[in-house]
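Student:
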Amino acid sequence: VFTSGATEANNIAIKGAARFAASQGDGRRRVVTLATEHKCVLESVRDLAAEGFEPVVLPVGADGLLDLDALREALAAAPTLLVSVMAVNNEIGVVQDLAAVGALAKEAGRLFHTDAAQAAGRCRSTWRP
Amino acid sequence: MAANNETGVLHPLAETATLCRAHGALLHVDAVQAAGRVALDPGLADSVALSGHKLGGPAGAGALLLRPGLHLPALVAGGGQERGRRGGTEPLPAIAGFAAAAVAARPEAAEGLAALRDRLEAGVLAAAPDAVVVGADAPRLPNTSCILLPGVSAEAQVIALDLAGVRVSAGAACSSGKVARSHVLAAMGLGAAAGCAIRVSLPWNAPEDAPERFVLAWSAMRDRLSRRAA
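As given, the protein sequences belong to chains X and G, one line each in that order. Each position in the first sequence, counted from 1, maps to that position plus 2 in my numbering. Each position in the second sequence, counted from 1, maps to that position plus 172 in my numbering.
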């Protein structure tokens with residue numbers, strides 16, 4: 003799908019996946035992301051709260067990285083529909099371990115979305131959609 | 173909408189605005205087809221939608237004119253651009269092209285196209301009394317004709333005219349490629365004939381002999397396809 007850019011793409015991916023799942027009778031309501039995501043991801047995830055979804059915004063460590071145990075806990079606590087984790091942060095350039103995050107996120111049929119706006123063309127991805 | 177994209181029919185916006193105001197309803201106007209072609213008073217509406225590429229600008233930028241004080245949440249979240257009403261980096265080249273097209277647009281010159289259009293329609297009706305110019309009695313854009321040829325599918329007409337070097341569309345150009353009868357013409361009560369109309373648009377620089385050349389190609393197309401249909 004061609005879009006006007008990553009802001010629109012993130013909006014479509016996150017809100018679209020959640021709304022489609024809900025329209026298909028999927029009972030999963032949890033949507034997990036990080037505190038350091040781009041505003042368009044954070045606001046898309048937060049906007050879903052008004053539609054009955056449960057946004058979970060995980061903290062990152064002092065190094066800017068997601069703690070995989072925190073992700074494991076969040077996923078174990080409630081049936082999760084979607085995990086959105088950016089490849090590279092737009093303010094500090096920190097590279098998340100997408101191979102590990104993606105593998106964990108995609109277990110049990112969960113959806114995994116990544117905002118690769120900052121990473122594309124600058125670093126090799128270890129993860130493929 | 174200000175002007176319909178398939179028929180060019182202009183809706184009575186001033187009266188619509190008065191009615192809306194009397195009942196406290198907001199009025200939104202899709203002015204995509206009308207902008208640059210007829211005079212418009214954007215102050216009539218609470219919001220007005222425009223598209224750069226329909227004015228001759230590059231694709232990728234449009235605009236929503238908002239009455240001051242009208243607040244609406246963003247459909248595309250994040251970033252805070254456009255004062256929080258639309259997230260995403262603005263496509264500056266497309267916006268600049270849109271602006272240039274808007275500056276160059278001359279509604280008063282577009283009115284000159286009405287004479288060409290009238291000649292084109294008169295030629296078609298003279299060649300084929302069974303043809304119908306949809307919305308002929310309504311105020312219309314100066315450059316748009318919706319011509320219905322009963323019994324001949326719009327797709328067949330488009331293909332035949334294309335082979336003759338005339339580019340027209342079946343219904344809305346946006347949905348061309350899918351074979352479906354026009355919802356606009358169906359809503360106007362044309363029933364099965366709603367699948368038998370083509371839209372002819374005259375560009376701003378249409379040559380003086382465009383109507384005659386069109387009528388020639390259209391008549392040949394009609395002779396061939398009507399015979400086959402019969």
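Ideal placement from N, C-alpha and C gives every residue a C-beta, glycine not left out.
Just checking: is the beta-carbon of residue 271 (chain G) within a distance shorter than 8 Å of some beta-carbon in chain X?
Tutor: Not one chain X Cβ lies under 8 Å of residue 271 (chain G).
Student: Can you give me the C-alpha to C-alpha distance between residue 335 (chain G) and residue 395 (chain G), rounded to a whole angstrom?
Tutor: If I take the Cα positions, the gap works out to 15 Å.
Student: May I have a chain-ordered list of the beta strand (DSSP E) segments no shorter than 3 residues that lie completely inside the region 290-360 of chain G?
Tutor: The region 290-360 of chain G contains these whole beta strand (DSSP E) runs: 316-320.
Student: Taking only beta-carbon atoms, is residue 248 (chain G) less than 8 Å away from chain X?
Tutor: Interface residue, yes.
Student: Leaving out five residues on either side along the sequence, give the residues of the same chain with a beta carbon under 8 Å from the beta carbon of residue 200 (chain G).
Tutor: Excluding sequence neighbours, residue 200 (chain G) sits near 217, 218, 219, 220 and 221.
Student: Once DSSP output is grouped into helix, strand and coil, what is the label at residue 201 (chain G)?
Tutor: Of the three classes helix, strand and coil, the one that applies to residue 201 (chain G) here is strand, per DSSP.
Student: Does the beta carbon of residue 263 (chain G) come closer than 8 Å to any beta carbon on chain X?
Tutor: Yes, contact with chain X.
Student: Looking at the secondary structure, which residues open and close the alpha helix (DSSP H) in which residue 10 (chain X) lies?
Tutor: Run containing residue 10 (chain X): 8-25, per the alpha helix (DSSP H) assignment.
Student: Here's a check: name, in chain order, each residue in its chain whose Cβ is nearer than 6 Å to the Cβ of residue 235 (chain G), leaving out the five neighbours to either side.
Tutor: Around residue 235 (chain G): 222.
Student: Between which two residues does the beta strand (DSSP E) harbouring residue 134 (chain X) extend?
Tutor: Residue 134 (chain X) lies beyond the residue range present for chain X, which begins at 3 and ends at 131; the question has no answer from this structure.
Student: How far does the alpha helix (DSSP H) with residue 371 (chain G) in it extend, from its first residue to its last?
Tutor: Looking at the DSSP string, residue 371 (chain G) is not in any alpha helix (DSSP H); the run it does join, the beta strand (DSSP E), is 369-373.
Student: Give the residues from the region 25-42 of chain X that approach chain G closer than 7 Å (Cβ to any Cβ), ordered along the chain.
Tutor: Cβ contacts with chain G come from 40, 41 and 42.
Student: Is it the case that the Cβ atoms of residue 73 (chain X) and residue 112 (chain X) are separated by a distance below 8 Å?
Tutor: Contact flag unset, no.
Student: I want to see whether chain G comes within less than 8 Å of residue 56 (chain X), judged by CB atoms only; does it?
Tutor: So, not an interface residue.
Student: Could you compute how far the alpha carbon of residue 398 (chain G) sits from the alpha carbon of residue 392 (chain G)?
Tutor: Taking the straight line joining both Cα atoms gives about 10 Å.
Student: Report yes if the CB atom of residue 246 (chain G) is closer than 8 Å to the CB atom of residue 257 (chain G), and no otherwise.
Tutor: Yes, they are a contact pair.
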